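Below is one structure, written out as structure tokens; the observations come after it.
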Amino acid sequence: MAKFKLEQSDEILITPTGLVTVGKLLSITSLKEKLNKVKIPDIDEPLIKNHEVLYSYAGLLAQGKVSFDNIEEFRDLDSFTTTMGINNCPASPTLRQRLKKGGLDFIKIIKEETVSLLKTVDPDFNTCYENNVPLDLDDSPFDNSDTKKEGVNRTYKGFDGYCPSFAYLGKEGYLINTKLKEGKAHSMRGAKEFLTQSIDNSKELTDKDILVRMDAGYDSKDILKICQEKKVNFIIKRNLRNNDKDEIIEKCHEKG
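Under my numbering, residues 2 to 257 are what the sequence shown spells out, in order.
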């Protein structure tokens, strides 16, 4: 039987081999050109380009690392900069400040290029019923307890955090839209614009019918109207509120 000798070490072990795929996907987008055109206040010619900041953070997120300070593990790794297609890796303060200053402009570009990337790889979206491709939209509370980040407050899950919205297309669950919201925000805050943009993104990606699926938090005449105007099918869970369930079922039978 083989014998193993275990020793403790202060060495940081990282396995970034999967980043090769991430770097390759980033390289076939127009992110680099578009991000570098964004003018950052008080920074005329940044030594570290905008795309290097965003690509570095993408590399962190792809490994499940969300803290800006995690970037320090990779700053001196040639394998990281090579796989991510960058020349320079930013320090933690640069990463934090640049993302804050370019936030909204960066987000707009990333959303555009997300749809563009999916069009480039041309996935075959699997249907859930006949010719309908599911478009699932929902809020997902994040647990950010014991932090003092802006926008963190009580979610409906009973902990402090954010409550972002997500839109996934196809049975495969391709993420085509996101919207960050503070924890106490109701599902309907910004929902009309979010749904409209998500449907438009979906129609850019597939010619199949779209089936919007949402829970009772989105049971609203405004949401139903958007689905009808956009000519998409929909399944939205009924919010009974103070209505009698049997009465609603009876009306549904009357309407066919």
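Yeah, the Cβ is synthetic: ideal placement off N, Cα and C, and Gly gets one too.
On a predicted model such as this, the values are computed, not experimentally measured, just so you know.
Annotated three-state conformation of K180 is strand, per DSSP. Here the region 186-201 makes contact with the region 217-230; the two share three or more CB pairs at distances below 8 angstroms. G60 places its beta carbon less than 7 angstroms from that of L20. Nearest to S93 by C-alpha distance, out of T84, D77, I72, G174, is I72. Secondary-structure assignment with DSSP links N154 through a beta bridge to G162. Per DSSP, P17 lies in no alpha helix (DSSP H) and is assigned neither H nor E. Residue pairing from DSSP places D137 in a beta bridge opposite Y169, R214.
Comparing C-alpha distances from E131 to each of S166, I211, S68 shows the shortest one belongs to I211. With respect to the 7 angstroms criterion, K238 and A217 are classified as neighbours on the basis of their beta carbons. The region 119-128 and the region 168-180 touch, with no fewer than 3 CB-CB distances between them shorter than 8 angstroms. By the Cβ neighbour-count rule, E53 is buried, with 16 or more other Cβ atoms within 10 Å of its own. The C-alpha of R76 is placed about 15 angstroms away from the C-alpha of Q64. Scanning its chain for C-beta atoms nearer than 7 angstroms, with the 5 sequence neighbours on each side dropped, one finds around K158 the residues P142, in chain order. Annotation: the continuous alpha helix (DSSP H) that includes F81 extends over 79-85. Taking each of D43, N145, K112, D125 in turn and checking the Cα distance to K209, the smallest one comes out for D125. At the C-beta level, D144 and G162 come within 7 angstroms of one another.
Annotation for I111: the continuous alpha helix (DSSP H) segment containing it runs 104-122.
Going by DSSP, N37 is part of the alpha helix (DSSP H) stretching over 32-37. Contact check between the region 32-46 and the region 104-118: three or more CB pairs, one atom from each, fall below 8 angstroms, which counts as touching.
DSSP, reduced to helix, strand and coil, places F69 within a helical segment of the structure shown. Of the candidates T156, R97, N243, L78, R97 places its Cα closest to the Cα of L55. Following the DSSP letters along the chain, one finds F235 inside the beta strand (DSSP E) bounded by residues 234-237. Beyond the five residues adjoining it in sequence on each side, I49 comes within less than 7 angstroms, by CB distance, of N89, P91, T95 in the same chain, given in chain order. In the three-state DSSP reduction, I41 falls in the strand class (E or B).
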